[in-house]
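A.B. asks: From first to last, the protein sequence lines stand for chains A and B.
In this text, residue positions in the first sequence follow this note's numbering: the first is 1, and each later residue adds one.
In this text, residue positions in the second sequence follow this note's numbering: the first is 1001, and each later residue adds one.
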Amino acid sequence: MDILIPILTLGALGLLFGIGLAFASKKFAVKTDPRLEKIVGLLPGSNCGACGGAGCFGFAESILSGKAKIDACRISSDEIKEQIAELLGRKLQKIAKTVAILHCNGGIKVKDRFLYQGMKDCVAANLVLGGQKECVWGCLGFGDCERVCPFGAIKMSGEGLPIVDANKCKACNKCVLLCPKNLFTLVAITHPVYPALSISKETLQEGKGGVYVACSSHDLGKDTIAACPVGCIACRKCEQVCPVDAIHVIDASTSLSINPECNRRVDNLAVIDYNKCTSCGKCIEVCHTKTIRRRE
Amino acid sequence: MSVAQFLTIFISAVFIYNVILSRFLGLCSFVAISRETKPAMAMSLAVMFVTTMSSIITWFIYRFLLIPFGLTYLRTISFILVIATFVQFVEMVIRKISPPLYRFFGIYLPLITVNCAVLGVAVLNVDMFFINGKAIPGSFYYSVFQGICVGLGYALAMLLMSGIRERLDLCDVPKAVKDFPLAFIIASIMSLSFLGFNGFKF
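#1: Identify the continuous beta strand (DSSP E) that holds A:F184 and give its terminal residues.
#2: Using a cut-off of 7 Å between C-beta atoms, extract the partners of A:M119 located in chain B.
#3: Considering only residues of the same chain and omitting the five flanking positions on each side of A:G160, which have a CB-CB separation below 6 Å?
#4: Run through DSSP, which three-state label would A:C287 get?
#5: Since I believe A:W137 is in contact with A:H218 (beta carbons under 8 Å), could you give me their beta-carbon distance rounded to a whole number of angstroms?
#6: Would you say the beta carbon of B:I1164 comes nearer than 7 Å to a heavy atom of the ligand HEM?
#7: Grab me the residues of B:Y1102's own chain with a C-beta within less than 7 Å of its C-beta, minus the 5 sequence neighbours each way, in chain order.
#8: When you check each C-beta in the region 12–26 of chain A against every C-beta of chain B, which residues fall closer than 8 Å?
#9: For A:A54 and A:I101, I'd like the C-alpha separation in whole angstroms.
#10: Quick check on A:I247 - is its C-beta less than 8 Å from some C-beta in chain B?
#11: Can a CB atom of chain B be found closer than 8 Å to the CB of A:P150?
#12: Just the chain A side, please: which residues come within less than 9 Å of B:K1096 by C-beta, in chain order?
#13: Roughly how many angstroms lie between the CA atoms of B:K1178 and A:Y274, to the nearest whole one?
#14: Mark A:G143 as exposed unless 16 or more other C-beta atoms lie within 10 angstroms of its C-beta, in which case mark it buried.
#15: Count the CB pairs spanning the region 1041–1057 of chain B and the region 1178–1189 of chain B that are closer than 8 Å, and state whether there are at least three.
#16: For B:D1017, count neighbouring C-beta atoms within 10 Å of its own C-beta (all shown protein chains included) and say buried if the count is 16 or more, exposed if not.
#17: Taking the alpha carbon of A:G221 as the point to measure from, which residue in A:I63, A:T291 and A:L13 has its own alpha carbon closest?
#18: Are the region 1018–1035 of chain B and the region 1147–1163 of chain B touching, with three or more C-beta to C-beta distances below 8 Å?
#19: Using 8 Å as the limit for Cβ to Cβ distance, is A:I5 near chain B?
#20: Taking the straight line between their C-alpha atoms, what separation do you get for B:K1134 and B:V1047?
#21: Excluding five sequence neighbours on each side, which residues of the same chain lie with their C-beta closer than 7 Å to the C-beta of B:F1145?
#22: Using the Cβ count rule (16 or more neighbours within 10 Å means buried), how would you classify B:Y1073?
#23: Specify the secondary structure class of A:Y212 as computed by DSSP and reduced to three states.
#24: Drop a sphere of 10 angstroms on the beta-carbon of B:T1085, count the other beta-carbons inside from all chains shown, and report buried for 16 or more, exposed for fewer.
#25: Give me the residue from A:L13, A:V110, A:C145 and A:V187 with the minimum Cα distance to A:V123.
#26: If you measure beta-carbon to beta-carbon, which residues of the region 1076–1087 of chain B are closer than 8 Å to chain A?
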């Protein structure tokens, strides 16, 4: 009979707690939209933040409330997005695919001003007189962007420059925000003007077809070329040759020196207006410092 | 019941018998969540809350249920039952009342259900503050205070560890010991240094 007391006590305790919890779960139930769980299940779950939401869960909440567009997710495939749109009974609004490009072509072509022996980290190196490179605007080459990229899309090349793999890049903006020299921008590669051009769909998907200015030096041409053989010297040859008036050299004196699109300084640099650019490549031919390049 | 007693409990629980570094309880969360200071502190707060509350509840269970029925040998299983129920309940309440707090605690609160530090406190309390099946005077207050102090000791160890690991992230360490192996080495060195407190006798 002695065994009955512990059995009854523990049994009663368990039953009491069970009933208590069951009651509490009814009383404190939080109503959630069942669609939310489904959307979260469909989203990639990498919490990259490229959509502007606080992780995939936050993004799902803002889709549900209509604050965010479904297509703002850079990672999900089109089919997944269609599924989400169907779930919500909405139509999918397409946003152009963008990738990060680096506005610097210096790398090992630019000499060091002094021997930097600190932490192998761009942000840390930048604190020391703006980094060890002769050009204070250019890439420091310690590969912060490679480390921050959640998709492994950025690799440091032997030239001391990061190379962005356009197929892997999801335009999550992490490298753009991290780079202490502000060298990355996101550029649309499925641009509305492209289909009218002779560039085939395949080359676009390989990430080709984008023309960009690979320099961020705001120095005068003389100082730029002294530090770096491939810097933009603002010679305006590209401006003269462009058939669609898409490329302009911005003077240091004009009020346009901050590009509102990417919040970046652009004075003393050639800047391409991607709403007009047809990627014809005439500016590439004429650029004698080889600053204007086509994305590889 | 005197101030000296409380001071003794405080110093023993936080330093001399630090729950992680001397008693080696709750090690999984200590290694897993000490990578950055902010989540480490969130976890510590959650642990402190649960140790305090479970000290209160298990004292009542022990004093008014297990002792009268002579079932003190069932303390482990009944304490686990109580703590698990309590944590589940708190999770529900927090989720209802304060969603930001719920998101702040996130995964940590359910994790604490199976954290042995919490059960450790409950068992320690009944070991220390019950003599021959009888509560010593002020044992309830001692238990609650010990619950808080063990939580503080946990927070101290987490703070030290996360601070060290955050700085180590920036160091050039051999690949073979990067991350977890290094964390174990550091934990053992910290534990050795906490052994230095062992000379104190109150």
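By construction, the Cβ of each residue, glycine as well, lies at the ideal position given by its N, Cα and C atoms.
Predicted, not measured: the structure shown is a model, and the values here were computed from it.
C.D. replies: This is what the structure holds:
#1: Reading the first sequence from its first residue, position 184 is the one you call residue 184 of chain A. First-last of the beta strand (DSSP E) with A:F184: F184 to A188.
#2: The count along the first sequence starts at 1 and reaches residue 119 of chain A at position 119. Neighbours of A:M119 on chain B, chain order: L1170.
#3: In the first sequence, the residue the question calls residue 160 of chain A occupies position 160. Within the same chain, A:G160 has close Cβ partners G107, I108 and G141.
#4: Here residue 287 of chain A refers to the residue found at position 287 of the first sequence. Coil.
#5: Here residue 218 of chain A corresponds to residue number 218 of the first sequence, with the count starting at 1. Here residue 137 of chain A corresponds to residue number 137 of the first sequence, with the count starting at 1. Yes, A:H218 and A:W137 are in contact; Cβ-Cβ is about 6 Å, under 8 Å.
#6: Ligands are entirely absent from the displayed structure, and the ligand HEM is therefore not among its contents.
#7: In the second sequence, counting from the first residue as 1, residue 1102 of chain B sits at position 102. Excluding positions up to five away in sequence, the list reads I1094 and R1095.
#8: Correct list: L13, G14, F17, G20, L21, A24 and S25.
#9: As a working mapping, residue 54 of chain A is identified with position 54 in the first sequence. As a working mapping, residue 101 of chain A is identified with position 101 in the first sequence. Going from the Cα of A:A54 to the Cα of A:I101 covers about 25 Å.
#10: As a first step, residue 247 of chain A is located in the first sequence; it is residue number 247 there, counting from the start. With 8 Å as the cut-off, A:I247 does not count as an interface residue toward chain B.
#11: Reading the first sequence from its first residue, position 150 is the one you call residue 150 of chain A. It does not; no Cβ of chain B falls within 8 Å.
#12: The count along the second sequence starts at 1 and reaches residue 1096 of chain B at position 96. Correct list: K27, F28, A29 and V30.
#13: Looking up residue 1178 of chain B in the second sequence gives position 178. Looking up residue 274 of chain A in the first sequence gives position 274. Approximately 44 Å between the Cα atoms of the pair.
#14: Along the first sequence, read from residue 1 onward, the residue named residue 143 of chain A stands at position 143. Buried is the call here.
#15: no
#16: Taking the second sequence and counting its residues from 1, the one referred to as residue 1017 of chain B is at position 17. Residue identity check: residue 1017 of chain B is Tyr in the sequence provided, not Asp. Residue environment: B:Y1017 is assigned as buried (16 or more neighbouring CB atoms within 10 Å of its CB, all protein chains considered).
#17: Numbered from its first residue, the first sequence carries residue 221 of chain A at position 221. That would be A:T291, whose Cα lies nearest to the Cα of A:G221.
#18: yes
#19: Mapped onto the first sequence, residue 5 of chain A falls at position 5. It does; some Cβ of chain B falls within 8 Å.
#20: Locating residue 1134 of chain B in the second sequence gives position 134, where the first residue counts as 1. Locating residue 1047 of chain B in the second sequence gives position 47, where the first residue counts as 1. Answer to the nearest angstrom: the Cα atoms are 28 Å apart.
#21: Stepping through the second sequence from its first residue, residue 1145 of chain B is reached at position 145. Cβ within range, chain order: F1006 and I1009.
#22: What you label residue 1073 of chain B is simply residue 73 of the second sequence in a count that begins at 1. The residue is exposed, with fewer than 16 neighbouring Cβ atoms inside 10 Å.
#23: Working through the first sequence from its first residue, we reach residue 212 of chain A at position 212. Reduced to three states, the DSSP call for A:Y212 is strand.
#24: Position 85 of the second sequence, counted from the first residue, corresponds to residue 1085 of chain B. Classification of B:T1085: buried, given that the 10 Å Cβ count is 16 or more.
#25: Locating residue 123 of chain A in the first sequence gives position 123, where the first residue counts as 1. Nearest option by C-alpha distance: A:C145.
#26: Residues I1077, S1078, L1081, V1082 and T1085.
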